């Protein structure tokens, strides 16, 4: 599981800070999460192949989270893409994108499929044999979702030496991986745990931006491997959190602790601050394993 | 009169090429012409004060000419702008921008005034005491206008020595500047040309992008000081001009020659080419005074 931060700053793009966008590589998927202005250029800069992006998740319709989407959709068209593109985001997104395509008299030559979201409950919005994606309802000034990306349980690993010794036919390997006990060539029932090893634990990534401090998300993101939680403000500006519906680094860390996640990544910094070490310091007073997002930074979780 | 090129490449933004946008400084105005994705960052990079931009002209609704507009409009709001912003562009532009503002639940706190264009004839769309702006109807795949920015005639310059000698009261200076003959203190009629000098010639700038080769624009842009004319292709790709409704550098130069402009600036290069000297060479076979646009380049015409 690998996360590439294309942009992790709030509000407006500047010469040295990009608005929110990130790419999660998980089980051979490249999921694009949010798409602020300039995302297509950041994808190029980070050498992420456009063709590998088949699913885009938009948290909410503030410009710093989606103004780059229509440009990316158009560029895919110019590059004569043929692969389906699925876009998950709030109701209204389809109208915005299709209106602009209509006005430019240039519909996509690839299937463009919108999955508009309006539920206030967490829901499963994508599933295949390896991964599930759920919404995480957030509290912000407008309708907003975070997204939980979960690997499905991996299969148990075969202990080939033990299997050979137990004299099990390889026709049973699939059942062994699935955790079943099987009979050996002599008709003796072999306990699964004697000939397999524990599966690699399934990983999960929870993206939560933008949101005010909201404990209601804790059960949804419980025990996630990694949590990206917005931390727009430092303690000294905590009073701004309620009117703007944003969080401090300390609040993000409190959510991380209550949800017992493995690692917390902070981001969506207000551009009022110079340098971000203070975010980490304030978060670490509550939760130990804190990382700072940075434009262009890659995080690997293997 | 000063022109700053923020972007002069066609199609999609890349790490080292920006889509169309430029700033024309003329008679104390800062006119923003087109606004591809990333324009707000290029304005910052070129140290152009946002507050000075009060008029934005959008040629057409292909993304590489306006996808940066909604971001700029939103950033103006975040920066608590109060000054009016006038946007001139094709019908449909207002709907696109207002839909996105509505969905983000954040209307501007400054007056945002749209001037939607739909005429197929050249029309006067802005005028004050110093400058006039006219549309230049272009032929492209969708409804498109170029823009002609014209200084009004400057006043004649006073020849103070001659005026003193002719014994003219300074109450008449205004009339002299306007070209009238006046009476001196002795009641003698003094010919204007004896006591004034020619005005500084009024300058004009014609922006023509995107367009197929179209001689119908020649009378509109006749004798312009500077013409920016798109040159998407080189001669070897001229066959692409008709289906895509674009021009070659040589065709741009032919328009420049027929219109007897002072200087031709080429731009809107296709990203298929490496380096742009060939554009200049091909244009120069037809018209001598050719300059190449380049992202971040300033041209002064004084």
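Chains as they are written, first to last, in the numbering used here: chain A, 5 to 306; chain V, 5 to 306. Quick reminder that beta carbons are idealized off the backbone N, C-alpha and C, glycines included. Just so you know, these numbers come straight off a predicted model, no measurement behind them.
- Interface annotation, residue 49 (chain V): in contact with chain A, CB-CB separation under 7 Å.
- Within the segment 16-70 of chain A, the alpha helix (DSSP H) runs of at least 4 residues that lie entirely inside it are, in chain order, 43-49.
- Bridge partners of residue 13 (chain V) according to DSSP: V:23, V:273.
- Within the segment 86-156 of chain A, complete alpha helix (DSSP H) segments of at least 4 residues are found at 97-107, given in chain order.
- Here residue 232 (chain V) carries a strand assignment [DSSP, helix/strand/coil].
- The three-state reading of DSSP puts residue 84 (chain V) in coil, since its state is none of H, G, I, E or B.
- Rounded to the nearest whole angstrom, the C-alpha separation of residue 214 (chain V) and residue 132 (chain A) is 45 Å.
- Put simply, the CB of residue 234 (chain V) is far from chain A, with every gap to its CB atoms at 7 Å or more.
- Under the three-state reduction of DSSP output, residue 303 (chain A) falls in the strand class.
- In the three-state scheme derived from DSSP, where H, G and I count as helix and E and B as strand, residue 283 (chain A) is classed as helix.
- Nearest to residue 249 (chain V) by alpha-carbon distance, out of V:66, V:174, V:28, is V:66.
- Near chain A, meaning a CB-to-CB distance below 8 Å, the residues of the segment 98-111 of chain V are 99, 100, 103, 104, 107, 108, 109, 110.
- Pairwise C-beta distances place the segment 165-182 of chain A out of contact with the segment 238-246 of chain A, as fewer than three of them are shorter than 8 Å.
- Taking 9 Å as the upper bound on Cβ-Cβ separation, chain A lies near residues 40, 41, 42, 44 of the segment 32-44 of chain V.
- Chain V places no beta carbon closer than 7 Å to that of residue 142 (chain A), leaving this residue out of the contacts.
- Per DSSP, the beta-bridge partners of residue 200 (chain V) are V:162.
- For residue 85 (chain V), no chain A residue has a Cβ inside 8 Å of its Cβ, as the nearest lies near 12 Å away.
- The residues 13, 14, 15, 16, 18, 21, in chain order, have a CB closer than 8 Å to that of residue 275 (chain A) in the same chain once the five nearest residues on each side in sequence are set aside.
- At a cut-off of 7 Å between beta-carbon atoms, residue 17 (chain V) makes contact with chain A.
- With fewer than three CB-CB distances shorter than 8 Å, the segment 60-79 of chain A does not count as touching the segment 176-191 of chain A.
- Taking residue 219 (chain V) as reference, the option from V:198, V:143, V:57, V:23 with the minimal CA-CA separation is V:143.
- For residue 176 (chain V), the three-state secondary structure derived from DSSP is helix.
- In this structure, the straight-line span from the alpha carbon of residue 102 (chain V) to that of residue 24 (chain V) is close to 22 Å.
- For residue 78 (chain A), a Cβ of chain V is located within less than 7 Å of the residue's own Cβ.
- For residue 118 (chain A), none of the residues of chain V pass the 8 Å Cβ criterion, the least Cβ distance being about 14 Å.
- For residue 256 (chain V), the enclosing alpha helix (DSSP H) has its first and last residue at 253-262.
- Residue 264 (chain A) has its alpha-carbon roughly 17 Å from the corresponding atom of residue 234 (chain A).
- Between the segment 149-168 of chain V and the segment 198-205 of chain V there are three or more inter-stretch CB-CB distances shorter than 8 Å, so the stretches are counted as touching.
- Distances from the alpha-carbon of residue 40 (chain V) to those of A:159, A:74, A:126, A:123 put A:74 closest.
- Scanning chain V for C-beta atoms nearer than 8 Å to the C-beta of residue 74 (chain A) yields 67, 71, reported in chain order.
- Any Cβ of chain V closer than 7 Å to the Cβ of residue 146 (chain A) would place that residue at the interface, and such an atom is present.
- Under a 10 Å Cβ-count criterion, residue 94 (chain V) is classified as buried, with 16 or more other Cβ atoms of the shown protein chains found around its own Cβ.
- Judged by DSSP in its simplified three-state form, residue 193 (chain A) adopts strand.
- Distance between residue 136 (chain V) and residue 278 (chain A), taken at the CA atoms: about 44 Å.
- Around the C-beta of residue 32 (chain V), fewer than 16 other C-beta atoms lie within 10 Å, and the residue is accordingly described as exposed.
- 7 Å or more divides the Cβ of residue 158 (chain V) from the Cβ of residue 121 (chain V).
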